[in-house]
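See below for the structure under consideration.
There are 2 protein chains.
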Amino acid sequence: MNKGKHTKQQILATALNVATATSLNDLTIGGLATVTGMSKSGLFGHFNSKENLQLEVLEYAQTIFIESVIVPTNQVKPALDKLLLTIECWLDWYQSQGNSCIFVAASVEFDDQPGVVRDLVKKRLQKWLAYLTGMVEQAIDEGSMRGDAKQIVFELYSLYLGSEHMAWVGFEDAQHSRFKLALKSLISRHQHN
Amino acid sequence: MNKGKHTKQQILATALNVATATSLNDLTIGGLATVTGMSKSGLFGHFNSKENLQLEVLEYAQTIFIESVIVPTNQVKPALDKLLLTIECWLDWYQSQGNSCIFVAASVEFDDQPGVVRDLVKKRLQKWLAYLTGMVEQAIDEGSMRGDAKQIVFELYSLYLGSEHMAWVGFEDAQHSRFKLALKSLISRHQHN
DNA sequence: TATGAAAACGAACGTTCGTACTTTTTAGTG
DNA sequence: CACTAAAAAGTACGAACGTTCGTTTTCATA
Chain E
1064 MNKGKHTKQQ ILATALNVAT ATSLNDLTIG GLATVTGMSK SGLFGHFNSK
1114 ENLQLEVLEY AQTIFIESVI VPTNQVKPAL DKLLLTIECW LDWYQSQGNS
1164 CIFVAASVEF DDQPGVVRDL VKKRLQKWLA YLTGMVEQAI DEGSMRGDAK
1214 QIVFELYSLY LGSEHMAWVG FEDAQHSRFK LALKSLISRH QHN
Chain C
1064 MNKGKHTKQQ ILATALNVAT ATSLNDLTIG GLATVTGMSK SGLFGHFNSK
1114 ENLQLEVLEY AQTIFIESVI VPTNQVKPAL DKLLLTIECW LDWYQSQGNS
1164 CIFVAASVEF DDQPGVVRDL VKKRLQKWLA YLTGMVEQAI DEGSMRGDAK
1214 QIVFELYSLY LGSEHMAWVG FEDAQHSRFK LALKSLISRH QHN
């Protein structure tokens, strides 16, 4: 790999950490340069605009996400098992990111800010929801689940968001027991015996 | 009312609109001055710091919220009816704010930014969750509901967050039918016959 | 090893923002 | 009406940020 591509990957790795811990806007070029031990302009040259930096950070986050939760479950069957394992990997990934999801955070940050960043965030979240929905649909097709796939995913994703939010607020056991309990209930309600 | 207090209320009203539509950080003093037709320093004099402005906007939002969803349900009994009406008012208020909640947005914006603003946001959300929990507990005491009050509130609030988030993403019917359907299911699962 | 391109640097610019200071205008009161 | 305190305006400053430009250093390769 070229030197340039190599350092760029390093930059993106720490940039993702910073952006996840703070936000895509608080991810400042000068600050990122300091953290990575580079000069502002030297770092800037890799992206040529802050917007591009933000986009590339999101793309980088996406590759990490895919490696962490899509790939490890790729060959799992049947669909219900795959779904459950995916949720586990999803939570592990979420935890590895310091208990926050940059896509969810960015969706709040950019929801009123038209542009390519917002479009990308929305697209990624749509893809993820569609992916989950597809798995549930397949589980239904296989006869191991029943109900409306989209409604199930709606409730599943809601629990994820609720867990993230209420854990921050300090709601009792929001992060662990409450989510798993609700998830168990959700699954069993839509499971075929 | 003094002239000062009067214009301050006007400022806060439009400030809440701006902050809800964008964010508490994007709520800029100069911009707010332009919108309200004042000078930057004239407006600044009412708050003496941006942090105070943010705090007062949140307090103002709180008073609106109380007027909109706490007061109208204050005398309703039994607790289950009060809970259902509260949820209705809650959604109405949410819609009146342009389908976004400044407290939720601020919780994401300030989650990593220690200070009085973050503390206030967290406190308000805690109070709201405790308020909901209290109502559910009372409904349980009255024999019209059963289950773990906190778990029920956890799932209820999760659905609210999911509805807000997924409506933005464009998930089918997230905002209306899906929330109400899930809510109905949640209630009926914990209702005593 | 020599060379040209890529990468990194240093300094500076334009803009935006919060804030401080001073002055002018407004409004309430004796 | 006069007077004073509050409210609003005008101006300015310093810091932070994204970005540009010219230069220097590093690296891959011939």
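The listed protein sequences derive, respectively, from chains E and C.
Read in order, the letters of the first sequence are residues 1064 to 1256 in the numbering used here.
Read in order, the letters of the second sequence are residues 1064 to 1256 in the numbering used here.
Don't be surprised by glycine CBs; every beta carbon is placed ideally from N, CA and C.
Counting C-beta neighbours from all protein chains within 10 Å, is the total for residue i 16 or more, i.e. buried, or is it exposed?
i	result
His-1253 (chain C)	buried
Gln-1267 (chain C)	Absent from the structure is residue 1267 (chain C), since the part of chain C shown begins at 1064 and ends at 1256.
Ser-1170 (chain E)	buried
Ser-1251 (chain E)	exposed
Ser-1273 (chain C)	This structure gives no information on residue 1273 (chain C), because the portion of chain C shown stretches from 1064 to 1256.
Ser-1104 (chain E)	exposed
Gln-1214 (chain E)	buried
Glu-1114 (chain E)	exposed
Glu-1122 (chain E)	exposed
Could you compute how far the alpha carbon of residue i sits from the alpha carbon of residue j?
i	j	result
Ala-1237 (chain C)	Gly-1094 (chain C)	33 Å
Arg-1187 (chain E)	Val-1132 (chain C)	35 Å
Asn-1088 (chain E)	Val-1179 (chain C)	21 Å
Ile-1092 (chain E)	His-1109 (chain E)	11 Å
Phe-1107 (chain E)	Leu-1116 (chain E)	9 Å
Thr-1083 (chain C)	His-1255 (chain E)	44 Å
Val-1139 (chain E)	Cys-1152 (chain E)	13 Å
Ser-1240 (chain E)	Arg-1241 (chain C)	24 Å
Lys-1243 (chain C)	Leu-1219 (chain E)	15 Å
Leu-1126 (chain E)	Trp-1156 (chain E)	Reading off the sequence, residue 1126 (chain E) comes out as Thr, not Leu. Each residue's Cα considered, the two are about 12 Å apart.
Leu-1295 (chain E)	Leu-1154 (chain E)	Residue 1295 (chain E) lies beyond the residue range present for chain E, which begins at 1064 and ends at 1256; the question has no answer from this structure.
Gly-1161 (chain C)	Phe-1128 (chain C)	14 Å
Pro-1177 (chain C)	Asp-1211 (chain E)	42 Å
Lys-1068 (chain C)	Glu-1200 (chain C)	40 Å
Val-1081 (chain E)	Ala-1096 (chain E)	12 Å
Ser-1102 (chain E)	Ser-1102 (chain C)	39 Å
Asn-1137 (chain C)	Asn-1137 (chain E)	52 Å
Taking residue i and residue j to be in contact with their CB atoms under 8 Å, please state how far apart those CB atoms are, rounded to whole angstroms.
i	j	result
Leu-1249 (chain C)	Val-1216 (chain C)	Leu-1249 (chain C) to Val-1216 (chain C), Cβ: 10 Å. No contact.
Asp-1175 (chain C)	Thr-1085 (chain E)	5 Å
Ser-1221 (chain C)	Leu-1222 (chain E)	5 Å
Pro-1135 (chain C)	Glu-1205 (chain C)	Contact flag wrong, Cβ pair sits at about 21 Å.
Glu-1227 (chain E)	Val-1167 (chain E)	7 Å
Can the beta-carbon of residue i be found less than 8 Å from the beta-carbon of residue j?
i	j	result
Glu-1119 (chain E)	Leu-1075 (chain E)	yes
Lys-1145 (chain C)	Met-1198 (chain C)	yes
Leu-1192 (chain C)	Phe-1234 (chain E)	yes
Leu-1246 (chain C)	Ile-1150 (chain C)	yes
Thr-1070 (chain E)	Val-1098 (chain E)	no
Leu-1143 (chain E)	Ala-1230 (chain E)	no
Gly-1100 (chain E)	Leu-1224 (chain C)	no
Gln-1158 (chain C)	Val-1232 (chain E)	no
Ala-1124 (chain E)	Leu-1090 (chain E)	no
*Any residues in the segment 1180–1196 of chain C with a beta carbon nearer than 7 Å to a beta carbon of chain E? Which ones, in chain order?*
Within the segment 1180–1196 of chain C, the residues whose Cβ lies closer than 7 Å to any Cβ of chain E are, in chain order, Lys-1185, Leu-1188, Gln-1189 and Leu-1192.
*asked:* Under 7 Å, CB to CB, which of the residues in the segment 1205–1225 of chain C have a partner in chain E?
replied: Per Cβ criterion, the list reads Lys-1213, Gln-1214, Phe-1217, Glu-1218, Tyr-1220, Ser-1221, Leu-1222, Leu-1224 and Gly-1225.
*asked:* If the cut-off is 7 Å on Cβ atoms, which residues from the segment 1226–1242 of chain E count as contacting chain C, listed in chain order?
replied: His-1228, Met-1229, Trp-1231, Val-1232, Gly-1233, Phe-1234, Glu-1235, Ala-1237 and Arg-1241
_Using a Cβ-Cβ cutoff of 9 Å, what residues of the segment 1157–1181 of chain C are near chain E? List them in chain order._
Ser-1163, Val-1167, Ala-1168, Ser-1170, Val-1171, Glu-1172, Asp-1174, Asp-1175 and Gln-1176
*Closer than 7 Å, Cβ to any Cβ of chain E: which residues of the segment 1076–1096 of chain C, in chain order?*
Ala-1084 and Thr-1085
_Please identify, using Cβ separations under 7 Å, the residues of the segment 1116–1135 of chain E that lie next to chain C, in order along the chain._
none
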